[in-house]
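According to full-length UniProt numbering, the stretch in the sequence shown is residues 2 to 329, in order.
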Amino acid sequence: TRTPVNVTVTGAAGQIGYALLFRVASGQLLGADVPVRLRLLEIPQAVQAAEGTAMELDDCAFPLLSGIDISDDANVAFDGCNIALLVGARPRAKGMERGDLLEANGGIFKPQGQAINGHAAEDVKVLVVGNPANTNALIAQAAAPDVPGERFTAMTRLDHNRALSQLARKTGSTVSDISRLTIWGNHSATQYPDIFHARIAGKNAAEVVNDEKWLADDFIPTVAKRGAAIIEARGASSAASAANAAIDHVHTWVNGTPERDWTSMGIPSDGSYGVPEGIISSFPVTCAGGSYEIVQGLEINDFSRARIDASVRELTEERDAVRGLGLV
Ligand code: NAX
Numbered sequence: 002t003r004t005p006v007n008v009t010v011t012g013a014a015g016q017i018g019y020a021l022l023f024r025v026a027s028g029q030l031l032g033a034d035v036p037v038r039l040r041l042l043e044i045p046q047a048v049q050a051a052e053g054t055a056m057e058l059d060d061c062a063f064p065l066l067s068g069i070d071i072s073d074d075a076n077v078a079f080d081g082c083n084i085a086l087l088v089g090a091r092p093r094a095k096g097m098e099r100g101d102l103l104e105a106n107g108g109i110f111k112p113q114g115q116a117i118n119g120h121a122a123e124d125v126k127v128l129v130v131g132n133p134a135n136t137n138a139l140i141a142q143a144a145a146p147d148v149p150g151e152r153f154t155a156m157t158r159l160d161h162n163r164a165l166s167q168l169a170r171k172t173g174s175t176v177s178d179i180s181r182l183t184i185w186g187n188h189s190a191t192q193y194p195d196i197f198h199a200r201i202a203g204k205n206a207a208e209v210v211n212d213e214k215w216l217a218d219d220f221i222p223t224v225a226k227r228g229a230a231i232i233e234a235r236g237a238s239s240a241a242s243a244a245n246a247a248i249d250h251v252h253t254w255v256n257g258t259p260e261r262d263w264t265s266m267g268i269p270s271d272g273s274y275g276v277p278e279g280i281i282s283s284f285p286v287t288c289a290g291g292s293y294e295i296v297q298g299l300e301i302n303d304f305s306r307a308r309i310d311a312s313v314r315e316l317t318e319e320r321d322a323v324r325g326l327g328l329v
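Here you go:
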């Protein structure tokens, strides 16, 4: 039998945690033949709620779930961690400035990065879901100098999936007809969903759509502001769809992208496409053998360039702000 993979989930008692843990335990994260051990990290006040979720996980009798540990100590929760899902974060309170938000999250992601550095397994892969995801990933990465930098990623897969769904609806196709869509930049309202290289059943998606006004005034803002629309409708932020995207992100990273397709991941820039090296920005990537590569050689038109640049500018401002706080 295989050694279980240690999957650490932070914010395990939160709403995304509740939607995520059962899917991890059932084998959807890594595959139906991979046993997992869950390591849950919560703040002390939420440990009891996490224990309640763990009771329900027990009650599912998942054959692949080889154990559950709960802790409020990052050094314990990341011990031997192979996959880290960093979901818990400090939400923006009313009237909170961006600097305060970044500082509060620095207080979470810096010690977690240090704990990963000190205790995680050699092959650790990190996905940051908690917002501001890209910059939180940068903070954790900076605190983990002994872990290869490319192991720190941020989630833009929910944006990617939202864009797939909107494009399918507009063109009367199905999501499985669509490939090569890209989310560029920050997981924020400045993100840029790019369909100029996407294919719909073998045709260029932008040509199929043939409606730049829809692209600029409908598609892009709908995808970028979908999180707010969900809150408005549901009275709570996206949870099951966010958990689903986290599953997709890690599953693709570990098991690879399909032939002739790619996905979107927030990853440390190597300078490709004029994105300053080091910031964690979303790119089109292919995955194989447990690692990813940026898709190279795409032509970026003026429409796309302006939007990528705007989102990247926001990321460099966030980076400068956390640099000012001594976090990176
Ligand atoms: P909840 O408030 O329901 O849960 C967050 C949990 O994190 C709480 O149980 C809290 O006790 C815990 N927590 C706080 N600080 C912690 C720490 N230092 N260590 C361990 N646990 C800690 O939020 P939820 O709806 O689950 O959302 C979690 C995060 O995901 C938020 O930051 C949210 O903004 C972000 N999202 C990111 C998305 C993305 O696409 N990247 C989309 C969905 C979501 O909005």
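Backbone N, C-alpha and C define an ideal beta-carbon position, used for all residues, glycine too.
Take Ile-232, set aside five residues on each side of it, and the residues of its chain with a beta-carbon closer than 7 Å to its own are Ser-238, in chain order.
Comparing alpha carbon positions, the residue from Gly-96, Asp-73 and Gly-100 closest to Gly-89 is Asp-73. If you draw a 10 Å sphere on the C-beta of Thr-264, you find 16 or more other C-beta atoms in it, and that means buried.
Under the 10 Å beta carbon count, Arg-308 is surrounded by 16 or more other beta carbons and is classified as buried. Contact annotation, Arg-40 with Asp-70: C-beta distance approximately 5 Å; criterion of less than 8 Å satisfied. If you compare the alpha carbons of Leu-159, Ala-105 and Asp-218 with that of Thr-136, the shortest gap goes to Ala-105. In summary, Arg-158 is buried, with 16 or more beta-carbon neighbours lying within 10 Å of its beta-carbon over all protein chains present. Where Ser-174 is concerned, there is no enclosing alpha helix (DSSP H), because DSSP gives it neither an H nor an E. The C-beta separation of Pro-112 from Ala-75 comes to about 6 Å, placing the pair in contact by the 8 Å criterion.
Contact check between the region 145–165 and the region 246–259: three or more CB pairs, one atom from each, fall below 8 Å, which counts as touching. Taken from the Cβ of Gly-228, at least one heavy atom of the ligand NAX lies inside 8 Å. If you draw a straight line from the Cα of Gln-167 to the Cα of Ile-268, it is about 24 Å long. DSSP, read as helix, strand or coil, puts Lys-226 in coil. A contact is defined here as three or more CB-CB pairs under 8 Å, and the region 110–129 meets this definition with respect to the region 139–148. In the displayed model, Ser-238 falls within coil according to three-state DSSP, outside both helix and strand. Rounded to the nearest whole angstrom, the CA to CA distance from Leu-86 to Thr-9 is 6 Å. Of Ser-177, Ala-240, Gly-12 and Ala-217, the smallest CA-CA separation from Ala-50 is found for Gly-12.
A Cβ-Cβ contact shorter than 9 Å links Asn-187 with Ser-312. Counting of Cβ neighbours within 10 angstroms places Glu-213 among the exposed residues, the total staying below 16. Three or more pairs of CB atoms, one per stretch, sit closer than 8 Å, so the region 77–85 contacts the region 120–131. In this structure, the C-beta of Arg-308 stays at least 8 Å away from each heavy atom of the ligand NAX.
Val-209 places its beta carbon less than 9 Å from that of Thr-172. If you ignore the 5 residues before and after Arg-227, its C-beta comes within less than 6 Å of the C-beta of Arg-163, all in its own chain and listed in chain order. Relative to the non-hydrogen atoms of the ligand NAX, the Cβ of Thr-191 never comes closer than 8 Å to any of them. Taking the Cβ of Gly-18 as the reference point, at least one heavy atom of the ligand NAX falls within a distance shorter than 8 Å.
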